[in-house]
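Line by line, the protein sequences are chains R and A.
Numbering of the first sequence is given in our numbering, commencing with residue 1209 and proceeding in unit increments.
Numbering of the second sequence is given in our numbering, commencing with residue 10 and proceeding in unit increments.
Every residue gets a Cβ at the ideal spot worked out from N, C-alpha and C, and that includes glycine.
First comes the structure, then the notes that go with it.
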Amino acid sequence: MSFLSNLINGISLGSIYAIIALGYTMVYGIAKMLNFAHGDVIMVGAYISFYATQHWGLTPLLSVVVAMAVCTVLGIVIEKLAYKPLRSATSLAVLITAIGVSYLLQNLALLIWGSNPKNFVSIVQLGKISLFNGELIISDVAIVTVLCCIVIMVALTWFTSKTKMGRAMRAVSEDKGAAQLMGVNVNQTISVTFAIGSALAAVAGILLCSSSPVLMPTTGSMPGIKAFTAAVFGGIGSLPGAMLGGILLGVIEIFGKSYISTDLGDAIVFAILIIILLVKPTGLLGKKVNEKV
Amino acid sequence: MSEVQNPTSNTILDVKDLHVYYGSIHAIKGVSFHVNEGEIVTLIGANGAGKSTTLNTVAGLLKPRHGSILLDGQNIAGVPADKLLPRGMALCPEGRRIFLQMTVRENLEMGGFTRPASEIEESIEDVYRRFPRLKERYKQVAGTLSGGEQQMLAMGRALMSKPRLMMMDEPSMGLAPILVEQIFDIIRELKEAGTTILLVEQNAQMALSVADRAYVLETGSISMEGPASQLLHDDNVRKAYLGN
């Protein structure tokens, strides 16, 4: 039973990584940049939901909506102010800027919300499910997390294949100039991508803190890095890749912690990443990109 | 040269004294040319002469530093590419640049991005009529097409916006001679159907045989211009670009 329980916990944690990784991978695909501030948007989303439910008296569901709205605006503002001016700069300059934005968000959170960890109250209060005479207990948050992840994946797949904006995003991610020649407004497309990624980050932050309730300004940083790892693991730029990478990463992490060593859990995750990338440098579902001559 | 035609009232595109820089490199040094309605005009010249740069600037992918680009009499210099499509101009870019991970049909739909959804279906059927191969392969991912099919897709995609002025950058590049013939047949057909064409080619022989007028670009400036048939028999052009 403990195996099954670990598997469920792993998939649940992995679903959170997957939702974050989708944001990383979409932004990378379209803006060809690694938005290292993405993890900190998660933290902002969790804080907004925390204050909305605990201090402003909103219902949990409404708090999610507010957090998504705030993060959407935050994502668009970050892109406009920090990244857009660097559209033609070297990728190193953009990377350093992203790390700067990450620290800026963490320190703003420290300034606004203080350094004391908040005790996040789970927004899912449906009660645990007990199976096999109490031998297998599945938490309500785990189920909701996995369901959210599935819904998001289905919605994104539909969005990118069927809607005009989704098509434009795919076109920009393949060839910005050619997309522009089709009449696609590239800047607008990048903005929409940041908006979607950031809204997803809010959802991920709330689910993350619902299952591990300690919320502080650095809460988003480690999950952010792991989700980035998941995106690379699955093949950066690929939506199914981010999904697969996220879930595998979560399962590996929980199994590593349960069966090998609690302390080495994270080390195992990154060791496996290194091995996968040595064998398949484009990630599990990544496509080989031919350099243009 | 004799018979240099000046812009008239049916001029679609009138480029005057165009200067384009890449950083500090002065790539286009005062290029002027014009295209009249219903014509095929070609820019020929050696590698690096500035043909693609000129075309990309007219299409709005690059910003000129000086000069004007008049489309139907209105200056469009510096207007980004995505705003030009609805004004009746399309570029079929160098190296085709089709969306390799999308299907043939999706590529065509992208070509009609700026047009109302209700008109797309009809235009796709038009493209299929012109390029039956694309119809056969409509579900196929574009990256799996052959070079010739990819070029047809690139042309079909550009036609999806129903351009009055179609610009083509090296449509024959990398194709087998038989396919080159086919591509030029299609260019002739497009002209007969009323589309105005601005063609950039390294294959000067083919370009001059299909075009009405031609301009020769040499290191960022126009060195010669005139009716294509005349340039085709010009000794200097023959020596420099036609290999005899």
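Practice item. State buried or exposed for Lys72 (chain A), treating a residue as buried only when at least 16 other CB atoms are found within 10 Å of its CB. Key: Taking the second sequence and counting its residues from 1, one reaches residue 72 (chain A) at position 63. Counting Cβ neighbours within 10 Å, Lys72 (chain A) comes out exposed, since fewer than 16 surround it.
Exercise for review: Could you tell me whether the Cβ of Glu1382 (chain R) comes closer than 8 Å to any Cβ of chain A?
Suggested key: Looking up residue 1382 (chain R) in the first sequence gives position 174. Yes, Glu1382 (chain R) counts as interfacial toward chain A.
Check your understanding: Is the segment 1259 to 1273 of chain R in contact with the segment 1437 to 1452 of chain R, if contact means three or more CB pairs nearer than 8 Å?
Key -> no
Review point. Helix or strand or just coil, what does DSSP make of Gln83 (chain A)?
Key: Counting from one through the second sequence, the residue named residue 83 (chain A) turns up at place 74. Three-state DSSP puts Gln83 (chain A) in a strand.
Check your understanding: For the segment 1361 to 1389 of chain R, which residues have a CB atom closer than 8 Å to at least one CB atom of chain A, in sequence order?
Key -> Lys1372, Arg1375, Ala1376, Arg1378, Ala1379, Glu1382, Asp1383, Gly1385, Ala1386, Ala1387, Gln1388 and Leu1389
Check your understanding: Roughly how many angstroms separate the alpha carbons of Cys1300 (chain R) and Tyr1291 (chain R), rounded to a whole number?
Key -> Within the first sequence, residue 1300 (chain R) is the residue found at index 92, counting from 1. Within the first sequence, residue 1291 (chain R) is the residue found at index 83, counting from 1. The question names Cys, but residue 1300 (chain R) is Leu in the sequence shown. Between Leu1300 (chain R) and Tyr1291 (chain R), the C-alpha separation is close to 12 Å.
Exercise for review: Look up Ser77 (chain A) in the DSSP assignment and say whether it is helix, strand or coil.
Suggested key: The residue you call residue 77 (chain A) lines up with position 68 of the second sequence. Correct three-state label for Ser77 (chain A): strand.
Review point. Would you report the Cα separation of Val1272 (chain R) and Val1332 (chain R), rounded to the nearest angstrom?
Key: By one-based count along the first sequence, residue 1272 (chain R) stands at place 64. By one-based count along the first sequence, residue 1332 (chain R) stands at place 124. Their Cα atoms are separated by approximately 11 Å.
Review point. Under 8 Å, do Ala167 (chain A) and Leu109 (chain A) count as touching if we go by C-beta distance?
Key: The sequence position of residue 167 (chain A) within the second sequence is 158, counting from 1. The sequence position of residue 109 (chain A) within the second sequence is 100, counting from 1. Their beta carbons are not under 8 Å apart, which means Ala167 (chain A) does not touch Leu109 (chain A) by this criterion.
Review point. DSSP three-state call for Ala36 (chain A): helix, strand or coil?
Key: For the purposes of this step, residue 36 (chain A) is taken as residue 27 along the second sequence, with counting starting at 1. Residue state, collapsed to three classes: strand.
Check your understanding: Is Thr51 (chain A) near Ala216 (chain A), with beta carbons less than 8 Å apart?
Key -> Within the second sequence, numbered from 1, the residue matching residue 51 (chain A) stands at position 42. Within the second sequence, numbered from 1, the residue matching residue 216 (chain A) stands at position 207. Yes.
**Study point:** Lys1500 (chain R), DSSP secondary structure in three states
**Key:** Your numbering for residue 1500 (chain R) matches position 292 in the first sequence. Below a pLDDT of 50, predicted positions are generally treated as unreliable, and Lys1500 (chain R), at 38, falls in that range; no measurement from the model is reported.
Point to revise | Pro172 (chain A) beta carbon less than 8 Å from that of Gly97 (chain A) | key: Residue numbering aside, residue 97 (chain A) sits at position 88 when the second sequence is read from its first letter. Residue numbering aside, residue 172 (chain A) sits at position 163 when the second sequence is read from its first letter. For Gly97 (chain A) and Pro172 (chain A), yes; Cβs fall inside 8 Å.
**Study point:** Beta carbon of Val1477 (chain R) nearer than 8 Å to that of Ile1460 (chain R)
**Key:** Within the first sequence, residue 1477 (chain R) is the residue found at index 269, counting from 1. Within the first sequence, residue 1460 (chain R) is the residue found at index 252, counting from 1. Contact flag set, yes.
**Study point:** Identity of the residues DSSP links to Gly54 (chain A) by a beta bridge
**Key:** Translated into the one-based positions of the second sequence, residue 54 (chain A) becomes position 45. Per DSSP, A:Leu226.
Point to revise | Backbone CA spacing between Met10 (chain A) and Ile231 (chain A) [nearest angstrom] | key: Within the second sequence, residue 10 (chain A) is the residue found at index 1, counting from 1. Within the second sequence, residue 231 (chain A) is the residue found at index 222, counting from 1. Any answer about Met10 (chain A) is weak, because its pLDDT of 45 lies below 50 and its placement is not dependable; what the coordinates show is given next. C-alpha separation (whole angstroms): 12 Å.
Point to revise | Distance between beta carbons of Gly1237 (chain R) and Ser1381 (chain R), contact taken as under 8 Å | key: As a first step, residue 1381 (chain R) is located in the first sequence; it is residue number 173 there, counting from the start. As a first step, residue 1237 (chain R) is located in the first sequence; it is residue number 29 there, counting from the start. That belief holds up - the Cβ atoms of Ser1381 (chain R) and Gly1237 (chain R) are roughly 4 Å apart, short of 8 Å.
**Study point:** 9 Å Cβ cut-off: residues of chain R touching Phe122 (chain A)
**Key:** The count along the second sequence starts at 1 and reaches residue 122 (chain A) at position 113. Under the 9 Å cutoff, chain R gives Lys1372, Arg1375, Ala1376, Ala1379, Ala1387, Met1390, Gly1391 and Val1392.
Exercise for review: With a 10 Å radius around its C-beta and 16 neighbouring C-beta atoms as the bar for buried, classify Phe1211 (chain R) as buried or exposed.
Suggested key: Residue numbering aside, residue 1211 (chain R) sits at position 3 when the first sequence is read from its first letter. Counting Cβ neighbours within 10 Å, Phe1211 (chain R) comes out exposed, since fewer than 16 surround it.
Practice item. Mark Met1390 (chain R) as exposed unless 16 or more other C-beta atoms lie within 10 angstroms of its C-beta, in which case mark it buried. Key: The residue labelled residue 1390 (chain R) in the question sits at position 182 within the first sequence. Burial call: buried.
Exercise for review: Closer than 9 Å, Cβ to Cβ, to anything on chain R: give me those residues from the segment 86 to 104 of chain A, in chain order.
Suggested key: Pro89, Ala90, Asp91, Lys92, Leu93, Leu94, Pro95, Ala99, Leu100, Cys101, Pro102 and Gly104
Check your understanding: Quick one: what's got a C-beta closer than 8 Å to Lys1240 (chain R)'s C-beta in the same chain, skipping five residues either side?
Key -> For the purposes of this step, residue 1240 (chain R) is taken as residue 32 along the first sequence, with counting starting at 1. These residues qualify, in order along the chain: Ser1299.
Practice item. Tell me Lys1326 (chain R)'s beta-bridge partners as DSSP assigns them. Key: For this step, residue 1326 (chain R) is matched to residue 118 along the first sequence. The partner list for Lys1326 (chain R) (beta bridge, DSSP) reads R:Leu1423.
Check your understanding: Could one say the Cβ of Gln159 (chain A) lies closer than 8 Å to chain R's Cβ atoms, at least one of them?
Key -> One-based indexing of the second sequence puts residue 159 (chain A) at position 150. It does not: the Cβ of Gln159 (chain A) has no partner Cβ on chain R nearer than 8 Å.
Practice item. Please name the residue, chosen from A:His242, A:Met176, A:Ile133 and A:Ala185, that lies closest to Leu22 (chain A) on a Cα-to-Cα basis. Key: As a working note, residue 22 (chain A) is residue 13 in the second sequence. Cα-wise, what sits closest to Leu22 (chain A) is A:Met176.
Check your understanding: Short check: CB of Gly1283 (chain R) to CB of Phe1402 (chain R), under 8 Å?
Key -> Within the first sequence, residue 1283 (chain R) is the residue found at index 75, counting from 1. Within the first sequence, residue 1402 (chain R) is the residue found at index 194, counting from 1. Result yes, Cβ atoms of Gly1283 (chain R) and Phe1402 (chain R) sit closer than 8 Å.
Check your understanding: DSSP three-state call for Asp221 (chain A): helix, strand or coil?
Key -> Residue mapping note: residue 221 (chain A) aligns to position 212 of the second sequence, counting from 1. If DSSP states are grouped into helix, strand and coil, Asp221 (chain A) belongs with coil.
Point to revise | Ser232 (chain A) (DSSP reduced to helix, strand or coil) | key: Start at 1 with the first residue of the second sequence, and residue 232 (chain A) comes out as number 223. In this structure, Ser232 (chain A) counts as strand in the three-state DSSP scheme.
Review point. On the premise that Val209 (chain A) lies in contact with Leu27 (chain A), defined as a C-beta separation below 8 Å, what is that separation, rounded to the nearest angstrom?
Key: In the second sequence, residue 27 (chain A) corresponds to position 18, counting from 1. In the second sequence, residue 209 (chain A) corresponds to position 200, counting from 1. Contact doesn't hold; Cβ gap of about 14 Å is too wide.
Review point. Relative to the alpha-carbon of Ala185 (chain A), which residue among A:Ser155, A:Lys248, A:Leu207 and A:Ile196 has its alpha-carbon at the smallest distance?
Key: Locating residue 185 (chain A) in the second sequence gives position 176, counting from the first residue. Ranking the options by Cα distance to Ala185 (chain A), first place goes to A:Ser155.
Practice item. Could you spell out where the alpha helix (DSSP H) holding His1246 (chain R) opens and where it closes? Key: Here residue 1246 (chain R) refers to the residue found at position 38 when the first sequence is read from its first residue. His1246 to Gln1262 is the extent of the alpha helix (DSSP H) around His1246 (chain R).
**Study point:** For Leu1313 (chain R), three-class secondary structure by DSSP
**Key:** Looking up residue 1313 (chain R) in the first sequence gives position 105. Three-state DSSP puts Leu1313 (chain R) in a helix.
Check your understanding: Does the Cβ of Ala1475 (chain R) have 16 or more other Cβ atoms within 10 Å, making it buried, or fewer, making it exposed?
Key -> For the purposes of this step, residue 1475 (chain R) is taken as residue 267 along the first sequence, with counting starting at 1. Flag for Ala1475 (chain R) reads exposed.
Exercise for review: Could you list the residues in the segment 67 to 79 of chain A with a C-beta less than 7 Å from some C-beta on chain R, going in chain order?
Suggested key: Ala68 and Leu70
**Study point:** Buried versus exposed call for Gln1388 (chain R) [16 or more other C-beta atoms within 10 Å across all chains shown]
**Key:** Taking the first residue of the first sequence as position 1, residue 1388 (chain R) is located at position 180. Label assigned to Gln1388 (chain R): buried.
**Study point:** Ser1381 (chain R), enclosing alpha helix (DSSP H) - first and last residue
**Key:** Start at 1 with the first residue of the first sequence, and residue 1381 (chain R) comes out as number 173. Element bounds for Ser1381 (chain R): Lys1372 to Glu1382.
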